[in-house]
Structures are given as C-alpha cells and as structure tokens.
Amino acid sequence: MPPARVSTRPPDSTGSLEVFGQCFAEEGVLARSLAEFTETGDHRPVTGHVGCYSAVVRQPGVTTLFADPVGQFPLYYDDSGRHGTKAVELGTALDRVYLATRLACLDGAGLLGNRSLRAGVRRVREGHAVRLGDGVLGEESCAPLSADPDVTTVDAADMLRDALVTAVRARARSARKLVSDFSGGLDSTTLAHLALDDVTTLPVLTHHNPDSPVLDDLDRAEWYVRSERRFDHQLVKVSPEHLPYQDLASWGDEPHAASISCGPASLRFSAAAALGADLHLMGEGGDAVLWAPGAYFIDLARRGELVTLWRHCFAWARMRNRSPLSVFRQSVVMAALGRRRALLRLAGTLDRGGPVGDPPWEVSVVARWDVPRVDWLTADTRSLLAAQAREVAERESDVDAGESVVLSQLRLHGLTQQVHREVGEQAGVAVHAPFLDTAVVRAAMAVPAHRRADPAVAKPLLKKALTGLVPEAVLSRETKGDYSSDAYRGLRRAAPRLRRLLADSAAADFGLIEPAPVRQALEDAVNGLRVPWGALNQVLAVEVWLRANAREVASA
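The opening position of the sequence shown corresponds to residue 431 in this note's numbering, with each subsequent residue numbered one higher.
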C-alpha cells in the first residue's frame, strides 16, 4: 500500500518530486518520471500514474505544483510563493466569502474559484499547475476533467473498465489484507466483485441498524454473498451511539457535513481493523461520477436537442408522477437564461432575503445549484454572497451545466473522503475510493452528461463497462437504499445537544446566520417533518468547526 506522501530526489538530479495522496508508482518509476519531466517539460510522466494524487516538482529557481484533477488532495499557495497541503499552514485568518459560500451550500455556483478557507491563501485549481519562485510565476491548465468530442460512449465504457479494474487491482495487490464495503448497492458491490480477481477471500462489510433496517440493501447484500463463496460477509450492527449526530467532531480541514455523520463508517473501519485489514474500499464518488445530474436537461435544451429532451423529461417525470411538460418548460427557461443571468438572479434572491420554501421538484431537478436558505443568512452574509455572484457572473465559462454540477460534486466528495481517511487512520486502516481515481473519473467524464444519461437505466456507462466482469444481478439493480430514518433517529437522539449548540450559535456570533429559522428547522426534523437536510447539516458542521477552531476564529 503506498504511503500518503512520497519524495524522490535522484543523486544525479538537481530536482526533486514529491507526491501527495494515493499514487501507486514505485520510487524508481517516480525518479524516471522526474527525469522525463525535466528533459521535456511534459507533465504526463509526473501526473499520469495509477491512483489520485497531487505532485510538487522542485527545480532550481522554480517549484511547480500539480493539483489532482478530481480534487481529493488539494495544494495551496500564497503570493509570496509559499505552498503546502493544508491552507492553515499558510494563513489562519478566515476567508468570509469562502465560509459563507460553503455555509449556504452554493458550492455549485462557482463562487469559490481558487479561494480557500484561509484569507490570502489560494487553492491550485483541479487539473492545473502553478509555478512558484520569488512569488507566483504563472498558472496553466494541464489536465482538467472535460469531455472529449472524439470519444464515443463505447470508447468511454472501455476506458472506464480498464481504469476501474486497474484501480481496484492496485489496491488489492498492495494491501496486506483488503476489505471492502458491501452495502448491497451498485457501487461498493461492484468494487468487491472486481477485487476477487486478485484475492482468494475478501471480507465484505454491511452495516445495518436493527431498529430501522434498510431491508432492500441488506437482502441484496446477503443474496449476493450466497452467490459468491469467496466473500466473507461481516454484518456490522449500528447501535444508537453510532447514528448520525452522536459524535459532533470536527474532522477534516474545513466544515463539512460528513464530519457529523460518520458513525456508521467509523464502525465499519473499526471492524476492518479488527479483521487485520490495512486497506478499506469504499464506493464513495460512484454517484457523482456515473449519474448524470438533472442539469444536463439545460444542455440538451441549449443544443436544440428537443426531441431527446422531451423523451428524458417524460421518463423522469413519469417515475415521479410529475408533469413532463413542466420539466421540459423549466429546462428551456434555464437554457435561455444562461449561466450569467442565472448568477445575477441568484444575487437578486440573496439581496431580497425573506423566507424560502422548498422549490418544486421540476425546479430543483434542473437546477445548476441548490437554492440557498436566504432567510437563514444575515444581511451581511447575503450581501457578501450577492457581490461575489455578480463578480463571477462576468467571467466567461465554457463548461456545460451538467459537467459544472459534477465538478462541484466531486469537490464535495473530496471533502467527504478526507473525513473518511482521517476516521479510518484513527481506526488503523487506509480508506480508498477507487471511483475517485483520476483515470476512472476522466473515463466517466469523457462523454458529456447529456450523452451518458439514460433515464431508463441507472449508471448505464458502468453497466456497459463491466458487463461480463460483474454479475448481471449486481449491474441490473435500479434502486438505492433509503437511510433517512437513521438521520431522523440520530438527530432526535442528539436533539438536546443540538439545541444547546444553536442556542449559543457560534455561526451567529461570527455574523453568518440568523439562528431562529435554523432552530425551527431542527425542531421540524425532531418532529419527523421534511427539512432541507443539506442546508441544516452544513450549518451544524460549521457550528462544530467554529467551536473546534475558536481561538483562530476569535482572532479573525
């Protein structure tokens, strides 16, 4: 299993190469990569190895930072030329625009750019390279994730198969003992089956809550195990103490909802460690990479592919007993509006404030980003975000709406995996998500969302790629388990502590939120009512993070 940080400085070279993340190239291979980059200036020998990682190349007078295209392992720098793997290494003051954007769940609006949580500290954009010397010498795009017009869906499926098989094999062959999640869902079950090519027996872990079992997932997992004797199936019981919201810890480098709901994952990692495992596979990222977000309807409308748009709208709406005409109309309206005017409309919404109800399904499914709970935000926060939205609106962007949503989701999955890696490290296992390997993501995104989508089939590209390698019974599953009951149960159990958290709100003291409507949302959830879970969880994560970092917050 590769270490998280590897350095190579060949004796006959004036430079050095350091990689951060999950890189499966051996040190000798990295040394040759450095030599080739030094000779040709081509980044691919440095950035093209199996895994997902960022790299730093140091040469006389210049240091080049290569950020991984997926965003799992970020690199940071400041105007003086200093750099690091954590923004806090370069500055402690908080960037209020960044924190407010994360708090408002507006990651998809593109407001962040290369900002970081720390004022004056910039993040190297995913798939970009920054050259540093006496200050910042330049930035260029070197390997961003984007669709290739020359790649067909058949080509992309072949690329995905090769990349995913290679990603899983690298883990299986480098681990002392491998384990895998095995929820019964498509993603983790697929990884487990692929790993069987390189191990004789594979422990697979399924967590379940006997008080509110997700029987669809559990039954599927047990059915798959009965069909494959090489699986050593371990059921991990989720006790009330490990439900979401029971451990309000501040994992990761910045506030993220995964840090307050990782109880079940922590149990599985501990179970893996107890089995003697050193590497744990997760299906994290599979949804973001392989589903096509509803924003691709905008791309179909913008391209004039109205027959295809109507067919997809009809199929999606029929599954939810909604009007296909409403979805079609919303898609055409959003396409005509365009990114710039959508951002200006967002700015106007933020300026006006006032209560915001749940948007109709037809609006939310076609959205470029989440509708912010503007009534939860202070006037100062709303003003800050509105100004940023107007500034970003004037910048050109050639990224399709669907791809933009996927890229923002990938960054959030990167934050989730950072939490999982830290929790796993505490338990004694390395946590890997092969679906977030660079080559896997690049293969999946080689065709745009509007071409890889099929409303009749869940994750059609994965099924094309792995037919014959993974049992049809696994690939044919069209449903997902619903774990919302665990969220309600966990929140209800933690309600006294959460009420105290919001009664003396650190986010309110920092001038970010109006706590009254957030408290009402908490009470609605306690009473089993429908709530905006994403927004509520992010506010709670920010509350926990601000308290954990109270000293530097006070200085800010």
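We put the beta carbon where it would ideally sit given N, CA and C, even for glycine.
Model, not experiment: these values are computed from the prediction.
From residue i to residue j, what distance separates their C-alpha atoms?
i, j, result
"Asp708", "Gly858", "7 Å"
"Val449", "Arg599", "20 Å"
"Tyr507", "Thr470", "25 Å"
"Ala722", "Leu755", "20 Å"
"Arg750", "Lys516", "43 Å"
"Ser915", "Ser642", "7 Å"
"Tyr528", "Asp662", "44 Å"
"Ala925", "Val961", "15 Å"
"Ala679", "Leu648", "29 Å"
"Pro989", "Val487", "Given that the chain is displayed from residue 431 to residue 986, the structure contains no residue 989 and the question cannot be resolved."
"His465", "Leu447", "Reading off the sequence shown, one finds Ala at residue 465, where the question assumed His. Near 10 Å, if we compare the C-alpha coordinates of Leu447 and Ala465."
"Arg412", "His862", "Nothing about residue 412 can be reported from this structure: the residues present for the chain run from 431 to 986 only."
"Gly565", "Val551", "13 Å"
"Glu671", "Gly693", "8 Å"
"Ala816", "Arg526", "13 Å"
"Tyr675", "Gly557", "34 Å"
"Arg872", "Ala946", "44 Å"
"Lys893", "Asp585", "13 Å"
"Ala860", "Val737", "47 Å"
In the DSSP assignment, find the unbroken beta strand (DSSP E) run with residue i in it and report its ends.
i, result
"Glu908", "Per DSSP, Glu908 belongs to no beta strand (DSSP E) and is neither H nor E."
"Phe699", "From DSSP, Phe699 is part of no beta strand (DSSP E) but of the alpha helix (DSSP H) over 693-704."
"Val666", "661-667"
"Phe496", "492-496"
"Leu424", "Past the boundaries of the shown model lies residue 424; the chain is included only from 431 to 986, so the question cannot be answered."
"Leu709", "709-711"
Quick check on residue i: does DSSP put it in helix, strand or coil?
i, result
"His862", "strand"
"Val609", "strand"
"His473", "coil"
"Leu447", "strand"
"Glu826", "coil"
"Pro945", "helix"
"Thr515", "coil"
"Ala879", "helix"
"Tyr918", "helix"
"Ala675", "According to the sequence as given, residue 675 is Tyr; it is not Ala. If DSSP states are grouped into helix, strand and coil, Tyr675 belongs with coil."
"Pro633", "strand"
"Leu567", "strand"
"Arg923", "helix"
"Ser834", "helix"
"His686", "coil"
"His479", "coil"
"Leu547", "coil"
"Val560", "strand"
"Val1009", "This structure cannot speak to residue 1009, because the chain is shown only from 431 to 986."
"Val436", "strand"
"Arg552", "strand"
"Leu807", "strand"
"Arg488", "strand"
"Val887", "coil"
"Gln502", "coil"
"Val871", "helix"
"Arg900", "Here the sequence assigns Val to residue 900, which means Arg is not the residue at that position. Three-state DSSP puts Val900 in a strand."
On a CA-only basis, which of the options is nearest residue i? Give me that one, please.
i, options, result
"Thr494", "Gly445, Leu899, His710, Ala718", "Gly445"
"Ala467", "Phe496, Gly451, Cys453", "A quick correction: the sequence has Phe, not Ala, at residue 467. Of the listed residues, the one whose Cα sits closest to Phe467 is Phe496."
"Arg882", "Ala587, Pro574, Glu457", "Ala587"
"Trp975", "Arg782, Arg532, Val786", "Arg532"
"Arg603", "Ala455, Leu739, Gly716, Arg561", "Ala455"
"Val666", "Ala593, Gly787, Ala651", "Ala651"
"Tyr913", "Asp884, Ser657, Pro633, Val644", "Val644"
"Thr909", "Asp646, His479, Trp746", "Asp646"
"Leu952", "Leu928, Ala971, Asp939", "Leu928"
"Phe727", "Leu505, Leu720, Gln760, Leu931", "Gln760"
With 16 as the cutoff for other CB atoms within 10 Å, does residue i come out buried or exposed?
i, result
"Thr630", "exposed"
"Ser691", "buried"
"Val763", "exposed"
"Asn957", "exposed"
"Glu902", "exposed"
"Glu833", "buried"
"Arg606", "exposed"
"Ser657", "exposed"
Would you give the residue range spanned by the alpha helix (DSSP H) that residue i belongs to?
i, result
"His742", "736-749"
"Arg603", "583-604"
"Leu616", "616-625"
"Phe758", "754-782"
"Leu542", "Unbroken run through Leu542: none, as it is neither H nor E."
"Asp649", "645-656"
"Thr531", "526-533"
"Ser794", "791-795"
"Phe727", "726-732"
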